[in-house]
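Before any comments, here is the structure.
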Amino acid sequence: MIELSIQLLLYIIAILLGFCGVAMIYLIYQKRNEEKKNHEMEKYIQNTKILWQGYFLGDDQFAVTLIPKNKYQILAVEHIFLSYLRNISNPIIQQKIYTFTQMYLKEYYQNELKSRNWSRKMNAMYRIADFHIQELIGTCEVSIKHKHSIEVFQLLKIYSILEKEKFIQEILLCNYSFSESEYKKLFSYLEVEMLQRLMEKIENLQQAAQYALIDTIAAKGSMAVIEGLEELLVSEDTEIRIRTLRGLERLGVIRNLETYIPFVNSSIWEERLMVAKLFKYAPLTYTAEHLEKLLQDSNWWVRSQAASTIIEDPRGYQRLKEFIATTNDQYAIDMANEVLEKRMRAV
Amino acid sequence: MIILDYLMWFFGGLIIIYMLLVIVTYGLMFFFALLKLRKEYRLDQTEMDETYIDAFYSKPVSVIIPAYNEEVGIVDSIHSLLSLHYPEFEIIMVNDGSTDRTQEIVIEQFQMKKIEKVIKMEIPASPIIQIYQSQIHPNCFLVEKENGGKADALNVGINVAKYPYFCSVDGDSILESTSLLRLMKPIALSDGEVIAAGGNVQIANGMNMQLGSILETNVSKNYLVTMQIIEYFRSFLIGRITLSKFNLVLIISGAFSVFSKKWVVEAGGYTKSMIGEDMELVVKLHRYIRKKKEKKRIEFVENPVCWTEAPETMAVLRRQRRRWHQGLLESLWNHKTMTLNPRYGGIGLLSFPYFWLVEGLGPIIELGGYIYIVCAFFLGDIYYEIAILLLLTFVLYGVVFSMMAVLFEAWSKNKTFKVADLIRMMLLSFTEIFWYRPITLIWRCEGLLNFLVRRREWGKMDRKGISSKEQESI
Numbered sequence: 023m024i025e026l027s028i029q030l031l032l033y034i035i036a037i038l039l040g041f042c043g044v045a046m047i048y049l050i051y052q053k054r055n056e057e058k059k060n061h062e063m064e065k066y067i068q069n070t071k072i073l074w075q076g077y078f079l080g081d082d083q084f085a086v087t088l089i090p091k092n093k094y095q096i097l098a099v100e101h102i103f104l105s106y107l108r109n110i111s112n113p114i115i116q117q118k119i120y121t122f123t124q125m126y127l128k129e130y131y132q133n134e135l136k137s138r139n140w141s142r143k144m145n146a147m148y149r150i151a152d153f154h155i156q157e158l159i160g161t162c163e164v165s166i167k168h169k170h171s172i173e174v175f176q177l178l179k180i181y182s183i184l185e186k187e188k189f190i191q192e193i194l195l196c197n198y199s200f201s202e203s204e205y206k207k208l209f210s211y212l213e214v215e216m217l218q219r220l221m222e223k224i225e226n227l228q229q230a231a232q233y234a235l236i237d238t239i240a241a242k243g244s245m246a247v248i249e250g251l252e253e254l255l256v257s258e259d260t261e262i263r264i265r266t267l268r269g270l271e272r273l274g275v276i277r278n279l280e281t282y283i284p285f286v287n288s289s290i291w292e293e294r295l296m297v298a299k300l301f302k303y304a305p306l307t308y309t310a311e312h313l314e315k316l317l318q319d320s321n322w323w324v325r326s327q328a329a330s331t332i333i334e335d336p337r338g339y340q341r342l343k344e345f346i347a348t349t350n351d352q353y354a355i356d357m358a359n360e361v362l363e364k365r366m367r368a369v
Numbered sequence: 005m006i007i008l009d010y011l012m013w014f015f016g017g018l019i020i021i022y023m024l025l026v027i028v029t030y031g032l033m034f035f036f037a038l039l040k041l042r043k044e045y046r047l048d049q050t051e052m053d054e055t056y057i058d059a060f061y062s063k064p065v066s067v068i069i070p071a072y073n074e075e076v077g078i079v080d081s082i083h084s085l086l087s088l089h090y091p092e093f094e095i096i097m098v099n100d101g102s103t104d105r106t107q108e109i110v111i112e113q114f115q116m117k118k119i120e121k122v123i124k125m126e127i128p129a130s131p132i133i134q135i136y137q138s139q140i141h142p143n144c145f146l147v148e149k150e151n152g153g154k155a156d157a158l159n160v161g162i163n164v165a166k167y168p169y170f171c172s173v174d175g176d177s178i179l180e181s182t183s184l185l186r187l188m189k190p191i192a193l194s195d196g197e198v199i200a201a202g203g204n205v206q207i208a209n210g211m212n213m214q215l216g217s218i219l220e221t222n223v224s225k226n227y228l229v230t231m232q233i234i235e236y237f238r239s240f241l242i243g244r245i246t247l248s249k250f251n252l253v254l255i256i257s258g259a260f261s262v263f264s265k266k267w268v269v270e271a272g273g274y275t276k277s278m279i280g281e282d283m284e285l286v287v288k289l290h291r292y293i294r295k296k297k298e299k300k301r302i303e304f305v306e307n308p309v310c311w312t313e314a315p316e317t318m319a320v321l322r323r324q325r326r327r328w329h330q331g332l333l334e335s336l337w338n339h340k341t342m343t344l345n346p347r348y349g350g351i352g353l354l355s356f357p358y359f360w361l362v363e364g365l366g367p368i369i370e371l372g373g374y375i376y377i378v379c380a381f382f383l384g385d386i387y388y389e390i391a392i393l394l395l396l397t398f399v400l401y402g403v404v405f406s407m408m409a410v411l412f413e414a415w416s417k418n419k420t421f422k423v424a425d426l427i428r429m430m431l432l433s434f435t436e437i438f439w440y441r442p443i444t445l446i447w448r449c450e451g452l453l454n455f456l457v458r459r460r461e462w463g464k465m466d467r468k469g470i471s472s473k474e475q476e477s478i
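Respectively, the protein sequence lines represent chains G and L.
All letters in the first sequence, in the order written, are residues 23 to 369 by our numbering.
All letters in the second sequence, in the order written, are residues 5 to 478 by our numbering.
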């Protein structure tokens, strides 16, 4: 029995060590390939960077030598294009990149999408979104058979960039669930008008999508959305109300102060915090009474924000001094002193 | 003689069964880790970095560096943090009563000025003496406090932190520029389901670094350090990836991890009296999650790397391992009621038994195995064969898994590894069971002994230095 076990273990160890040896040789071979690839890419970039620069930034004509001839050169072109797209926002350059990829790289990405290797397929989908290769959307749809959430997210991202109507249809179907950050990313590619269309059907969206939509629409900074947002202030969902207040604060406009007064007495501290923040967009003459109440709030963050809002007003310094002299609330006094000290230091 | 025979058979069988169980467990963990890494092999990671670099999609983070006598590495460490690619973060360096020039150097280098700041003491901690703010990097703060230990310094840092997530980084650690972004990815993408995440800690000895940036990755020429590198690969890549997949992680390194401030505050923050404060916090969080019946996760993320300095001498390594093992056992003992307790799900039924048997008590059994082999050669006869069988399990466990971990790491970091380093580490893996493994087992058994006699090594550990490097040099 023991002899058999020793023999068995010896076999196992020999096989595993053999595997390690083969794997090491394979890795060394791979490393050489990697170095060759890097060398080829570097060579292509060095040889063509002036030509690309002239083509993108100058008036130079497109040179045939720029067309990549093998996989390494395609990877080098990808590298150059991504550097331009991520660092320079210029519609002319973007269009040149999209046209080039459409003509010379489309076939390559089509083959990559058919690959059985998940990473290669995903990388191809990333590039389709980056280089706006609309014609490959159909191939993307076919290639994602397993409906892995990362693949679906990438497909929806491609829709949000290239087929917005389809994106709206898909997102309203609520077949998939993503995180708020992911929804934000997806919504960020849509124009304000599209977002407003989604706002009209906000209750049909998944909860994370609702929150992300409010945040995104506010971040777009369009005044056209204020009315739509104000309507959400009566929502029964606390988080929606808080997000809406935050969104309105980000937009930096108070149309009607009365709309916000009830939040000063809200039982939810986040609402009181947001309203304390929002009040910096109204003259202190109208908000001082409410802000002083918030300065004596039971919550530290609310007190801190109320003090910061007061000091931002030109008459805030004096108002805080007066407040310190008249109140007995030690916490509020400490907070007021902190912002006053900060102001002194800034001056 | 018959009694001796029975004893030899009994212990021989016990140790072999134990070793086979450990090998099967490691084999399964290795398999799951391989599946995960294979899937994402060559996936363009920069795509994700670009996607979430905007503050709109990410969450702000307070980076806390507890520092005690870190005058040598603190400036590089802060520089590496300042060069992080992350949209919104603040750096809070907590000087835990350093007796060297740590504070002066930081004040001078980053042009720190005293500020007044009202701090909400959400976790009980030592009082703050003074807070400073950098004039050149306004998001960089220095908190001066009396010496109270690493856990206390971290608790002070949490109280000062203004963002909903905090990242603890050791004063002698260097982060890669994308590390924080990648560590925060599971948190950003889970809508709060992931409440803590730990990154991959690797050894920096031998690296070419300047102003907190890594210029060249080299493997140290010191054999002791190289063995630790192999050990780190094995532990981080094989163990933690699989444990994380099933939400069974009990240890995320204090050298580089992110936590939700809200959850940590509710769980009571770091425990001052424990040696392994990082593990203790993770176990406390798991316990609190189950108590609140919330669906939360603690994850290990293999991409983000934090570089840290490893001990280069036997004496320093001995103290480190002794302390780590004592810390592990203290935490397990402190929460012993979670062991095999179905109320704690996988943590109670799988993690705790695994950590007790493999990590906690494993050194005694393994060391017993080594002693058994020596005895068996003296006794001869049938025991030779048992000893050979045992030795082969050690080869399988020590040599083969180490080699596979090295290969695994080289494969996943295809672009950066050097062929000469790979060959050197492979050859060194062969020697592990003959020197490194037995000596670390003895040190870990010393840790176990210290735990049993509640030894605190007053006079050494009592100084409560918070940097591992410093503690080891005490």
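All residues carry an ideal CB built from backbone N, CA and C; glycine is no exception.
### Query
Quick one: what does DSSP say residue 396 of chain L is sitting in, helix, strand or coil?
In the second sequence, residue 396 of chain L corresponds to position 392, counting from 1. Helix, per DSSP.
### Query
Which ranges does the alpha helix (DSSP H) cover as unbroken runs of at least 4 residues, wholly within the region 14 to 44 of chain L, from first to last along the chain?
none
### Query
Tell me which same chain residues have a C-beta within less than 8 Å of the C-beta of residue 197 of chain L, skipping the five on either side of it?
Numbered from 1 along the second sequence, position 193 holds the residue referred to as residue 197 of chain L. 299, 300, 301, listed in sequence order.
### Check whether residue 341 of chain G and residue 355 of chain G have beta carbons under 7 Å apart
Taking the first sequence and counting its residues from 1, one reaches residue 341 of chain G at position 319. Taking the first sequence and counting its residues from 1, one reaches residue 355 of chain G at position 333. It is not a contact, given that the beta carbons lie outside the stated cut-off.
### Query
Going by beta carbon distance, what residues of the same chain come within less than 8 Å of residue 214 of chain G, once the five residues before and after it are set aside?
Along the first sequence, one-based indexing puts residue 214 of chain G at 192. Once the five neighbours on either side are set aside, the close Cβ partners of residue 214 of chain G are 239, 242, 244, 246, 247.
### Message
Among the candidates L:85, L:239, L:445, whose CA atom is the shortest distance from the CA of residue 256 of chain L?
### Response
On the second sequence, residue 256 of chain L is found 252 positions in, with the first residue counted as 1. Looking at the Cα atoms, L:239 is the closest of the given residues.
### Message
Tell me which residues share the same chain as residue 425 of chain L and place their Cβ nearer than 6 Å to its Cβ, disregarding the 5 neighbours each side in the sequence.
### Response
For the purposes of this step, residue 425 of chain L is identified with residue 421 of the second sequence, where counting begins at 1. Taken in chain order, the residues that qualify are 223.
### Query
How long is the line joining the alpha carbons of residue 64 of chain G and residue 205 of chain G, rounded to whole angstroms?
If you number the first sequence from 1, residue 64 of chain G lands on position 42. If you number the first sequence from 1, residue 205 of chain G lands on position 183. Straight-line Cα distance between these residues: approximately 37 Å.
### Task
Could you work out which residue in L:376, L:296, L:55 is closest to residue 15 of chain L when comparing CA atoms only?
By 1-based counting over the second sequence, the position of residue 15 of chain L is 11. Looking at the Cα atoms, L:376 is the closest of the given residues.
### Query
Does DSSP put residue 279 of chain L in a helix, in a strand, or in coil?
Numbered from 1 along the second sequence, position 275 holds the residue referred to as residue 279 of chain L. Residue 279 of chain L falls in the coil class under three-state DSSP.
### Message
Can you check which of these residues, G:287, G:221, G:299, G:138, is closest to residue 270 of chain G by C-alpha distance?
### Response
Numbered from its first residue, the first sequence carries residue 270 of chain G at position 248. Of G:287, G:221, G:299, G:138, the residue nearest in Cα terms is G:299.
### Task
Over the uninterrupted alpha helix (DSSP H) stretch that includes residue 331 of chain L, give me the two end residues.
Taking the second sequence and counting its residues from 1, one reaches residue 331 of chain L at position 327. Start and end: 318 to 338.
### Message
Cutting at 7 Å between CB atoms, please list the residues of its own chain near residue 125 of chain L, excluding the five before and the five after it.
### Response
Here residue 125 of chain L corresponds to residue number 121 of the second sequence, with the count starting at 1. Counting only Cβ-Cβ distances below 7 Å, and skipping sequence neighbours, we find 163.
### Same chain, Cβ closer than 6 Å to residue 126 of chain G, neighbours up to 5 away in sequence not counted
Sequence index remark: in the first sequence, residue 126 of chain G carries index 104 (1-based). Closer than 6 Å at the Cβ level, and outside the excluded window around residue 126 of chain G, lie 89.
### Message
Excluding the 5 residues flanking residue 444 of chain L on each side, which residues of the same chain have their C-beta closer than 6 Å to its C-beta?
### Response
Start at 1 with the first residue of the second sequence, and residue 444 of chain L comes out as number 440. The residues are 325.
#### Entry: Where the alpha helix (DSSP H) through residue 343 of chain L begins and ends
Here residue 343 of chain L refers to the residue found at position 339 when the second sequence is read from its first residue. Here residue 343 of chain L belongs to no alpha helix (DSSP H), and DSSP marks it neither H nor E.
#### Entry: Cut-off 8 Å between Cβ atoms - residues of its own chain near residue 188 of chain G, not counting five sequence neighbours on either side
For the purposes of this step, residue 188 of chain G is taken as residue 166 along the first sequence, with counting starting at 1. Closer than 8 Å at the Cβ level, and outside the excluded window around residue 188 of chain G, lie 181.
### Closer than 7 Å at the beta carbon, the chain G residues around residue 47 of chain L
Translated into positions along the second sequence, residue 47 of chain L becomes position 43. Within chain G, the residues near residue 47 of chain L are 141, 144, 145.
### Through-space distance from residue 74 of chain G to residue 83 of chain G, alpha-carbon basis
Reading the first sequence from its first residue, position 61 is the one you call residue 83 of chain G. Reading the first sequence from its first residue, position 52 is the one you call residue 74 of chain G. Cα-Cα distance, rounded: 10 Å.
### Query
So which residues on chain G does residue 4 of chain L lean against when the C-beta distance must stay under 7 Å?
Only positions 5 to 478 of chain L appear in the structure, and residue 4 of chain L is not among them; the question remains open.
### Burial state of residue 196 of chain G (16 or more Cβ within 10 Å)
In the first sequence, residue 196 of chain G corresponds to position 174, counting from 1. Looking at its Cβ environment, which holds fewer than 16 other Cβ atoms inside 10 Å, residue 196 of chain G is exposed.
### Neighbour flag for residue 35 of chain G against chain L, beta carbons, 7 Å
Within the first sequence, the letter at position 13 stands for residue 35 of chain G. By this cut-off, residue 35 of chain G is an interface position.
### Query
Can the beta-carbon of residue 234 of chain L be found less than 7 Å from the beta-carbon of residue 406 of chain L?
Against the second sequence, residue 234 of chain L aligns to sequence position 230. Against the second sequence, residue 406 of chain L aligns to sequence position 402. Their beta carbons are under 7 Å apart, which means residue 234 of chain L touches residue 406 of chain L by this criterion.
### Message
Taking the alpha carbon of residue 323 of chain G as the reference point, which residue from L:168, L:94, L:140, L:35 has its own alpha carbon closest?
### Response
Along the first sequence, one-based indexing puts residue 323 of chain G at 301. Closest by alpha carbon: L:168.
### Message
My parser needs the beta strand (DSSP E) runs of 3 or more residues fully inside the region 131 to 168 of chain G; what are they?
### Response
none
### Message
On a Cα-Cα basis, can you pick out the residue from L:138, L:432, L:77, L:349 that is closest to residue 294 of chain L?
### Response
Walking along the second sequence from the start, residue 294 of chain L turns up at place 290. It is L:349.
### Task
Count the CB pairs spanning the region 446 to 459 of chain L and the region 243 to 257 of chain L that are closer than 8 Å, and state whether there are at least three.
no
### Task
Give a yes or no on contact between the region 176 to 189 of chain L and the region 272 to 282 of chain L, applying the rule of three or more CB pairs nearer than 8 Å.
no
### Query
So, is the C-beta of residue 49 of chain G closer than 7 Å to a C-beta in chain L?
Locating residue 49 of chain G in the first sequence gives position 27, where the first residue counts as 1. For residue 49 of chain G, the answer is yes, since a Cβ of chain L falls inside 7 Å of its Cβ.
#### Entry: Per-residue DSSP class, three states only, for residue 63 of chain L
Locating residue 63 of chain L in the second sequence gives position 59, counting from the first residue. Residue 63 of chain L falls in the coil class under three-state DSSP.
### Task
Tell me, please, whether the region 197 to 208 of chain L touches the region 300 to 317 of chain L by the rule of three or more beta-carbon pairs shorter than 8 Å.
yes
### Query
Could one say the Cβ of residue 322 of chain G lies closer than 7 Å to chain L's Cβ atoms, at least one of them?
Translated into the one-based positions of the first sequence, residue 322 of chain G becomes position 300. Answer yes: the Cβ-Cβ gap between residue 322 of chain G and chain L drops below 7 Å somewhere.
### Message
Less than 6 Å between C-beta atoms, sequence neighbours within five positions excluded: which residues of the same chain meet that for residue 290 of chain L?
### Response
In the second sequence, the residue the question calls residue 290 of chain L occupies position 286. Here the set comprises 351.
### Query
Under the rule that 16 or more other beta-carbon atoms within 10 Å means buried, what is residue 267 of chain L, buried or exposed?
Residue 267 of chain L sits at position 263 when you count from the first residue of the second sequence. So residue 267 of chain L counts as buried.
### Query
Start and end of the alpha helix (DSSP H) containing residue 445 of chain L?
Position 441 of the second sequence, counted from the first residue, corresponds to residue 445 of chain L. Per DSSP, residue 445 of chain L belongs to the alpha helix (DSSP H) from 440 to 456.
#### Entry: C-alpha distance - residue 244 of chain L paired with residue 297 of chain L, whole-angstrom precision
Here residue 244 of chain L is taken as the residue at index 240 of the second sequence, counted from 1. Here residue 297 of chain L is taken as the residue at index 293 of the second sequence, counted from 1. One C-alpha to the other measures close to 24 Å.
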